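Before any comments, here is the structure.
Chains as they are written, first to last, in the working numbering: chain D, 7 to 266; chain S, 980 to 1134.
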């Protein structure tokens, strides 16, 4: 019994120190933003590897998610003779929830894990300490550009995901199943509000971009510098990102759409 | 140098397509393009009972949406419901004896304000008032009255 309480206390202490290190790390990242912005080449390289390389997986998944929504929505809605509202259903579920959440999950899997592995290996091969030797701040030089790139890419990718998904839903809904194309778009425009739905979706994806990049970079920076440590850190990145995305999504949804 | 220019191009394409996606959502998917608050005017209508009317419920005339409800409040002096309607500035030729009534779209659909233009020569101005109103039909009340009536007839 005593042992159990002792272990509980120990794990609380460890998670607090980890949270503290992560917060300190975040402050370091943010204080490096200005010095990255004067050298946009660093940011551009990272936008390429974080954003452009995630582009394909995001658009293709968005297309398929939209097509599945079109199919499933059509089967359910046609039972009630309400096929015309398919557009609202597809667009609302994509813009409010699926767009930000699924693209953030894919982003954590595609880009977050790569970031952790890259940083962790840099640490394991002592490239980061080498930089410190040469009086180059590794946080400013390596971490902050990657953080900014994730932060910028995420809302763009989520918007792209939703847009492609809506087109995919339209392809299935009106192309294959015969929902009237005009009704699809006009019901959608009547049902989706710019501020309530789209801006809130963008805010969600900004928050997710912030959190996933932070987790990925911190796990890499904090990894035990062995091959096993790096592999564990990569796993933790994906698991922790997924948890925080889904948990935060619930909280944000309750805050944003609660008082309708 | 060749490598960095292709990278520039790809990053540029990526950012552009992301912005196009968000723009598409804003203009094509949401109601931003069809109705904005700026070019509209406000009129108020007092109802005995505004039923299930909500803020953002549509305001329509002859079946066409011409505005939306912006606020609903209770007047503690006259015990009426004060409903503010935002009408699109395009439709500024509503006569001042327009009738406002609250209807339900379908049996279970949402409630909306229907404007029935009268024959007056004067038009409603911004911050104007609609004098003739018809309350929402409360289904429970109507059923209650019907039951009461049929019980009376049996006596």
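Note that beta-carbon positions come from the ideal geometry of N, C-alpha and C, so glycine has one too.
If you're wondering where the values come from, they're calculated on a predicted model, not measured in any experiment.
By the neighbour-count definition (other C-beta atoms within 10 Å, threshold 16), residue 150 (chain D) is a buried residue. Listed by position along chain S, the residues whose Cβ is nearer than 8 angstroms to that of residue 53 (chain D) are 990, 993, 994. A direct Cα-Cα distance of roughly 18 angstroms separates residue 18 (chain D) from residue 228 (chain D).
Of all residues in the stretch 84-107 of chain D, the ones placed with a Cβ closer than 8 angstroms to any Cβ belonging to chain S are 97, 101, in chain order. For residue 1046 (chain S), the pairing in a beta bridge is given by DSSP as S:1038, S:1066.
Cβ proximity to chain S below 7 angstroms picks out 162, 163, 165, 166, 168, 169, 172 from the stretch 160-175 of chain D. Here the C-alpha atom of residue 142 (chain D) lies approximately 9 angstroms from the C-alpha atom of residue 136 (chain D). Between the beta-carbon of residue 89 (chain D) and that of residue 80 (chain D) there is about 6 angstroms, and that keeps the pair under the 8 angstroms contact cut.
Taking every protein chain shown into account, the CB of residue 225 (chain D) has 16 or more other CB atoms within 10 angstroms, so this residue is buried. The beta carbon of residue 1009 (chain S) falls within 7 angstroms of a beta carbon belonging to chain D, placing the residue at that interface.
Proximity to residue 156 (chain D) across D:219, D:21, D:82, D:248 peaks at D:219, based on C-alpha coordinates. Rounded to whole angstroms, the Cβ separation of residue 222 (chain D) and residue 115 (chain D) is 11 angstroms, and the two are not in contact under 8 angstroms.
Taking residue 78 (chain D) as reference, the option from D:63, D:66, D:95 with the minimal CA-CA separation is D:95.
Residue 1021 (chain S) sits away from residue 986 (chain S), with the two beta carbons spaced by 7 angstroms or more. In this model, residue 1060 (chain S) and residue 64 (chain D) are separated by some 49 angstroms (Cα to Cα). Rounded to whole angstroms, the separation of the alpha carbons of residue 1103 (chain S) and residue 248 (chain D) is 56 angstroms. Across the set D:127, D:121, D:161, the C-alpha of D:161 shows the shortest separation from the C-alpha of residue 998 (chain S). Residue D:152 holds the alpha-carbon nearest to the alpha-carbon of residue 39 (chain D) among D:152, D:213, D:259.
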